[in-house]
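See structure below.
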Amino acid sequence: MSGSLRLVLAGAWHHRRTHALVVLATAIATAVLTGALLVGDAVRETLRARAAERIGGVHLALASGDRFFRAALGEELARELAAPTASALLLDGVANTPDGKRRIGGVRVLGVDRAFFSLAPRPFDAEPAEGEAWLNATLASRLGLAPGQSFALRIAKPSPMPRDLVLAQAEEVSLGLRVQVGRVLGADEFGAFDLGAKPEEAPLVCVPRAWLERELELASRANLLLVGASAGGEAPTLERARAALRAHWTLEDGELRTREVHGSLRELYSPRVFLDTPVGAAAEELGTPLLGVLTYFVNELRSGERATPYSMVSALGRLGRAPSSADALEAELARIVPASEGELAIQQWLADDLRAASGAEIALRFWAIGVDRKLREETRSFRIGKVIALEGLSADPLLMPEFPGLHDSEHCRDWEPGAPVDLERIRDEDERWWEERKGTPKAFLALPAGRALWASRFGDLTALRWDPAAFPRFEAELRERLDPASLGLVFRDARAASLASGVATTDLGGLFLGLSFFLIASALLLVAMLFSFGLEQRASELGLYRALGFSPRAIARLFLGEGALLAGVGAVLGTAGALLYGDAVLHALQGAWSGAVGDLALRAARSPSTLAIGAGASFACALLPMLRVLGKMARREPLALLRAEVGAPPARELTRGVRRSKLLAWTSVALALLGLFYALLALEGAARAGALFGAGFAFLIACLAALRALLLASAEGARAFELGTIARLARQNTARRPGRSLGVAALLASGAFLVLSIEAHRLAPPRDPGARASGTGGFRLVAESTLPLFADLESPAGRSLAQLDEALFAGVELVPLRVRDGDEASCLSLAAPKEPRLLGVESARLALRGSFELAAALDLPAGASPWTLLTRDHDADIVPAIGDAASVAWSLHRALGDGIGYVDERGRPFEVRIVATLRDSLLQGALVIDAARFRERFPSISGARQLLVDAPAERAEPLARALERSFADLGLQVTESRARLAAFQRVQNTYLQVFQLLGFLGLLLGSAGLGLVVLRNVLERRGELALLRALGWRARDLRALLLREHLFLVGAGLAIGGLAALAPALASLGQGASFGAFALLFTLGAANAFLWVLLGALVATRAPLLSALRG
Amino acid sequence: MSLLELDGVAKNFPGAEVLRGIDLRLEAARSAALVGPSGSGKSTILHLIAGFLRPDRGAIRVAGIDVVRAGEDELAQLRNARVGFVFQEHHLLPQLSALDNALLPTLVGAAQPDARERAEHLLARVGLKERLRHRPEALSGGERQRVALVRALIRKPALLLADEPTGALDGKSAASLAELLSELNAEEGVALLVVTHSLPLARRMQQRFELVDGALRELVSA
């Protein structure tokens, strides 16, 4: 062993008691630092594992929503791609316990078979039996169910016709099933299956697909197709899958059907009633002569006083290429179709019924196809252009599309369309027409005239007809031309999306490191102080080495070696402590701090690399202050070191220090004032809070610099000092070690400032939830449903249909929101959102109300509402959106003007561009776009799944209860907007709480440093204190002296911190900050510091006098 | 009643019987020297009188105060007002000037309005008129000890205890301090009990006691 090493080891061992504290402080810093990194690891590992559990062995997915393709398509693609596939039905549902006491909404109901579970994280060969349901643990736990028990499942019933169409049935939107729990699926058994990014396990039920198909009357249909990897582990690429889909899909998969109709023609039609716009466009591009049909249900055909109720009217016209020669169809059209768009051709039967002849005026009254299901009747008048005979094409009952509730009815009295029908008005002759001729139209329009009345986002044709003899390949060519993606049949890389969402939106490790900064800094400061004290104690040893010819560098190496040994041992011990600390934080995150991570069950991760990084960083951080202390000591004169005169800085240094401190103090005061006035006069919101925090910090620096100047000046001016009281002696003693004294005051001031100013950022919901320019937007209630709500709650008729008490709705305004499911982008989710949930709202209504508080907007004219930005014209593929400022900044990591890529139902990519942000709003977690653009991009998403309810305070609760009662089957739940906002704010408040707690721990550690300084001062001055006792000072006189000395520092530190925190507090007036909490924190800090000082004073007065006098 | 009375005072330390029933009387304004070999327990007697130590048995009274039975506060008051102490080492506070060091006892206990004047007067009396504002580091050993002497006298004590006051001084300084002690004994009317190895200093005292083997005997002047 080398001599130096022996010296290092001997020194370390000899001073082991002093060193133990250095090791302890280093261990604390290491534990906190590494522990914070471990928390980050745990979050990353949890999200990664969750993502892997959600996606299992699935690589590609095709989710077609309300369009149901052939389940056999999956098998065809499996053969083509040589990869396993699973076809499934994916629907929303609500689960109820048999006693109805527990109701869980937002349940994903999957109709599956064995193929689905073969793609699970841990594949297995089984499937639920008929009437059996396999639940995931989340749902089983929420319902309190175990295998063998039954429960009621209400499933969204698919509608062949988009439910936003007024004629679609809105009554039976769900199907009730009673099922028995067969198995509780673990996360590795696809219990966590989800194609979204939400890390928390959402409720899931798996039932047999075949059984569900039967119950829903969806023969061999599916709306979810999953593709896994081949046995060799190779997964098909997205391109291959898309190509395979194009090769194998049929018109049937797009819910398009063909049949033979009148005149040996073939017809393309859809159970969805309207042909999607891309279908018509693709058919026209084929160049085939086509007959376009658009048939609609009218409530009345009236001529003068006579009226015929409830009839079909068809608009007919040529599409595509004109036929090369006149054919039979041409002649028929010439006979039936009116010559002009203002004319109507009517059946002779109708002419007789209305007693109307050519030239007479007929009024058509019908339910307008609006943007939603609002019942609005329109009336249009036409002149009778011709009266036609009931024959040929005009006698074809197949001109009526498959209107749900109509087309398969034997009698008119069996009609059950979505819109109100007054069966009393149906006469015998109407009944006879229906029984004999079903939906044969009673009148005809030219196609352009019909389109002008009934074209919508769902399409402008109900059928296309062509001559199969002339164009036998029409269907095949249409299939080839039509991109299945335009009908919503599009594969996406589900695995990549899921794994990408397995990344935290915020690095929680970094965040905790930031939150623990003060605690770590306090521990490191303690390391520096303890090491410094140790060196001062050994100053004569240093001097001896110098006297013996050791160079300053050699001495520094020697002591640094000892320091490195201490830091190393501390880092190793701290790493063990980090495991405990990390576990403790994780435990807290699942308990008291669960607000920070929501329901996410975190898994501990102990990566060796993280432990090594944490230990290494802590080791380096502990060595740095040691280096600084050593550097200062090495500069001392050998003689001074030998005499252990290391405390007082030279007079020249004092003078210079006073000058510099004053300069710093004045500069900081100027900056603080500048920041304060700028923040109060020119800034708003978060910018103001940030500027005020900065101003407070500048003031803190100013005060500490002033204190330093005062201490140095006191030390410098001690020669001229004259005693008179203990207080003056105490003040002079305080100035004896200006650096040490300032360190204590600065630590306490910084701790107090941080803890108190953080309190100023605490959030609370607005006191008046009815205030429109607030986070609630003036809406007291928020209603959310699992299944879409189609009732028109804004009209008395709609409310009456829903059997709601009209009196409850006096002074109530409801704003419905359409929801396109997506990733949760609020602070409630830790996973990085890729495609945030989209909400469609009538933006003009929010603009009119002046709802919500604007945080920032892009190019918003003065005085204009930010909601007007949502309807502003942009490029065709850009949809403007508004989001919550916190969600946009922290979850999405976007700024104003940034865009997020989406693909619409037609497979068209578009960009949602953020044009404005709202402050602290209940719309967190989603992006809001205008309803019109929402419908354009997602035409099949019908009904509202969220309602913002502005209700008078006294009616809010009964209204909420009534809505929940009326729409229980839809899983509707109403919450107070304040509660919703508080849930969002809980996340920030929890982080603030964590920051405060860790800051407070730092403050405690800092005050432990204060205690150390007191003890050190007492130890160094034990001779002096003994002398005072020898001179007749009583114990209480000594205590008074020591208390005054150190309480001055405590008081100065806390007062400076408290005063500096006043500026940030200005930003929070009226928010969640509690001045009681301010006072409590301040008192706790002061009491803790006082205790340490008292302890030091007690130790000082209990030391044996004589031995202390002898030194 | 004498100013200082020790009756049968005994004190043992672990493994050593230091004092075996000491009897001592010192009248007001008198001076006495305590001599004896090193380790004989001379300083222990001073420490017992000042209340720094408690005897194993025996009685100690200073100005009628029972030092053995006195509480800590009573002892502190005794040391502050009635007994001055000069140590072999000066024990001046390095951060204070000579004047401030001298004033230290006046910061506690009864108010002493003339403290500053008295300190200046005494410092001038001991030859430090020009050194009032100097810190100990700027004073010689003899000067420091004189400041310590002034500090011991600032409260006008009835009894001044001096423990080897010249022990750390050179010959000249020691002689000067010895002369000063004698003069102040007379001028201030303070009784003086000095522990010393210095024969010249001992000779200046009116009484001399020798401590040998734990027993005290008075030496008669030759």
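The listed protein sequences correspond, in order, to chains A and B. 1973 is the number that our numbering gives to position 942 of the first sequence; each next residue is one higher, with no gaps. 139 is the number that our numbering gives to position 93 of the second sequence; each next residue is one higher, with no gaps. Beta carbons are placed, not taken as given, at the ideal position from N, Cα and C, and that holds for glycine. For clarity, every value in this text was computed on a predicted model and none was experimentally measured.
Taking buried to mean at least 16 other C-beta atoms within 10 Å of its own C-beta, is Asp112(B) buried or exposed? By one-based count along the second sequence, residue 112(B) stands at place 66. When all chains shown are included, Asp112(B) counts as exposed.
Going by C-alpha distance, which of His2077(A), Arg1944(A), Trp1464(A), His1618(A) is nearest Gln1378(A)? Your numbering for residue 1378(A) matches position 347 in the first sequence. Out of His2077(A), Arg1944(A), Trp1464(A), His1618(A), Trp1464(A) has the C-alpha closest to the C-alpha of Gln1378(A).
If you measure beta-carbon to beta-carbon, which residues of the segment 78-97 of chain B are closer than 8 Å to chain A? His93, Ala96
Would DSSP call Leu1036(A) helix, strand or coil? One-based indexing of the first sequence puts residue 1036(A) at position 5. If DSSP states are grouped into helix, strand and coil, Leu1036(A) belongs with the helices.
Drop a sphere of 10 angstroms on the beta-carbon of His167(B), count the other beta-carbons inside from all chains shown, and report buried for 16 or more, exposed for fewer. Position 121 of the second sequence, counted from the first residue, corresponds to residue 167(B). His167(B) comes out exposed.
Does the CB of Asp2068(A) have a neighbour CB from chain B at under 9 Å? Walking along the first sequence from the start, residue 2068(A) turns up at place 1037. Yes, its Cβ sits closer than 9 Å to a Cβ of chain B.
Please list the residues of the segment 146-175 of chain B that have a C-beta atom closer than 7 Å to any C-beta atom in chain A, keeping them in chain order. Asp146, Leu149, Leu150, Pro151, Leu153, Val154, Gly155
Contact with chain B by Thr1686(A), beta-carbon distance below 9 Å: Here residue 1686(A) is taken as the residue at index 655 of the first sequence, counted from 1. No, no contact with chain B.
Based on DSSP bridge pairs, tell me the residues matched to Phe255(B). Counted from its first residue, the second sequence places residue 255(B) at position 209. Answer by DSSP bridge pairing, in chain order: Leu80(B), Glu264(B).
Which residues mark the beginning and the end of the alpha helix (DSSP H) in which Phe1548(A) is found? Translated into positions along the first sequence, residue 1548(A) becomes position 517. Here the alpha helix (DSSP H) through Phe1548(A) covers 1548-1568.
With a cut-off of 9 Å, does the C-beta of His243(B) fall near any C-beta of chain A? Numbered from 1 along the second sequence, position 197 holds the residue referred to as residue 243(B). So, not an interface residue.
If we cut at 9 Å on Cβ distances, does Leu2137(A) have a partner in chain B? As a first step, residue 2137(A) must be located in the first sequence, where it is residue number 1106. Yes, contact with chain B.
Contact between the segment 1968-1984 of chain A and the segment 1763-1781 of chain A: three or more CB pairs below 8 Å? no
Listed from N- to C-terminal order along the chain, which residues in the segment 1562-1586 of chain A have their beta-carbon within a distance smaller than 7 Å of any beta-carbon of chain B? none
Give me the Cα-Cα distance between Leu227(B) and Ala1777(A), rounded to the nearest whole angstrom. If you number the second sequence from 1, residue 227(B) lands on position 181. If you number the first sequence from 1, residue 1777(A) lands on position 746. Their backbone Cα atoms lie some 49 Å apart in a straight line.
I want to verify the contact list: residues of chain B whose CB lies under 9 Å from the CB of Trp1044(A), in sequence order. Here the question's residue 1044(A) lines up with position 13 in the first sequence. Here the premise fails: no neighbours, minimum Cβ distance about 29 Å.
Assign Ala1828(A) to one of three DSSP states: helix, strand, or coil. If you number the first sequence from 1, residue 1828(A) lands on position 797. Helix, per DSSP.
Can you check which of these residues, Gln2024(A), Arg2009(A), Ala1094(A), Glu1248(A), is closest to Val1616(A) by C-alpha distance? As a first step, residue 1616(A) is located in the first sequence; it is residue number 585 there, counting from the start. Taking only the C-alpha atoms, the option nearest Val1616(A) is Gln2024(A).
Do the segment 1834-1843 of chain A and the segment 1900-1914 of chain A make contact, defined as three or more Cβ pairs closer than 8 Å? no
Which residues of chain B have a Cβ atom closer than 7 Å to the Cβ of Thr1756(A), listed in chain order? By one-based count along the first sequence, residue 1756(A) stands at place 725. What Thr1756(A) touches in chain B: Leu153.
Length of the line joining the Cα atoms of Phe1397(A) and Ser1922(A): Indexing the first sequence from 1 puts residue 1397(A) at position 366. Indexing the first sequence from 1 puts residue 1922(A) at position 891. Near 47 Å, if we compare the C-alpha coordinates of Ser1922(A) and Phe1397(A).
Paired residues, beta bridge with Cys1237(A) - DSSP: Taking the first residue of the first sequence as position 1, residue 1237(A) is located at position 206. According to DSSP, Cys1237(A) bridges with Leu1141(A), Trp1165(A).
So with Cβ pairs under 9 Å, would you call Arg1750(A) a contact of chain B? Numbered from its first residue, the first sequence carries residue 1750(A) at position 719. The predicted model places Arg1750(A) with a pLDDT of 47, which falls under 50 and marks its position as unreliable, so this point remains unresolved.
Which residues mark the beginning and the end of the beta strand (DSSP E) in which His1090(A) is found? In the first sequence, counting from the first residue as 1, residue 1090(A) sits at position 59. Residues 1089-1094.
Residue from Leu1174(A), Ile1644(A), Ala1480(A), Thr1289(A) whose Cα sits closest to the Cα of Ala1507(A): Along the first sequence, read from residue 1 onward, the residue named residue 1507(A) stands at position 476. That would be Thr1289(A), whose Cα lies nearest to the Cα of Ala1507(A).
Using C-beta distances below 7 Å, list every residue in its chain close to Pro140(B), excluding the 5 sequence neighbours before and after it, in chain order. Numbered from its first residue, the second sequence carries residue 140(B) at position 94. If we look at Pro140(B) and ignore the five residues flanking it on each side, its Cβ neighbours are Arg181, Pro182, Glu183.
Simplified DSSP assignment, three categories, for Asp112(B): Counting from one through the second sequence, the residue named residue 112(B) turns up at place 66. DSSP places Asp112(B) in strand when its eight states are reduced to three.
Assuming Ala78(B) and Arg66(B) are in contact, meaning their beta carbons sit under 8 Å apart, how far apart are those beta carbons, in whole angstroms? Along the second sequence, one-based indexing puts residue 78(B) at 32. Along the second sequence, one-based indexing puts residue 66(B) at 20. Not really, about 20 Å apart at Cβ, beyond 8 Å.
Where the beta strand (DSSP E) through Pro1340(A) begins and ends: If you number the first sequence from 1, residue 1340(A) lands on position 309. Residues 1337-1350.
Cutoff 8 Å; reference Gly1390(A); Cβ partners in own chain excluding five residues on either side: Within the first sequence, the letter at position 359 stands for residue 1390(A). Cβ neighbours of Gly1390(A) beyond the five flanking positions: Arg1414, Ile1415.
CA-CA distance, Asp1284(A) and Gly1932(A)? Numbered from 1 along the first sequence, position 253 holds the residue referred to as residue 1284(A). Numbered from 1 along the first sequence, position 901 holds the residue referred to as residue 1932(A). Using only the alpha carbons, I get a separation of about 27 Å.
Note down, in chain order, each residue of its chain lying with its Cβ closer than 7 Å to the Cβ of Glu1361(A), except the 5 sequence neighbours on either side. Numbered from 1 along the first sequence, position 330 holds the residue referred to as residue 1361(A). These residues qualify, in order along the chain: Pro1354.
DSSP state of Leu1122(A), grouped into three classes? Here residue 1122(A) refers to the residue found at position 91 of the first sequence. Leu1122(A): strand per DSSP, three-state reduction.
Is the beta carbon of Leu1176(A) sitting closer than 9 Å to the one on Val1125(A)? Within the first sequence, residue 1176(A) is the residue found at index 145, counting from 1. Within the first sequence, residue 1125(A) is the residue found at index 94, counting from 1. No, they are not a contact pair.
9 Å Cβ cutoff met for Ala96(B) and Ala2066(A): By 1-based counting over the second sequence, the position of residue 96(B) is 50. By 1-based counting over the first sequence, the position of residue 2066(A) is 1035. No, Cβ-Cβ distance for Ala96(B) and Ala2066(A) is not below 9 Å.
Quick one: grab the DSSP three-state call for Leu2100(A). For the purposes of this step, residue 2100(A) is identified with residue 1069 of the first sequence, where counting begins at 1. Confidence at Leu2100(A) is low in this model, with a pLDDT of 48, below 50, so its placement is unreliable and the value that follows should be read with caution. Coil.
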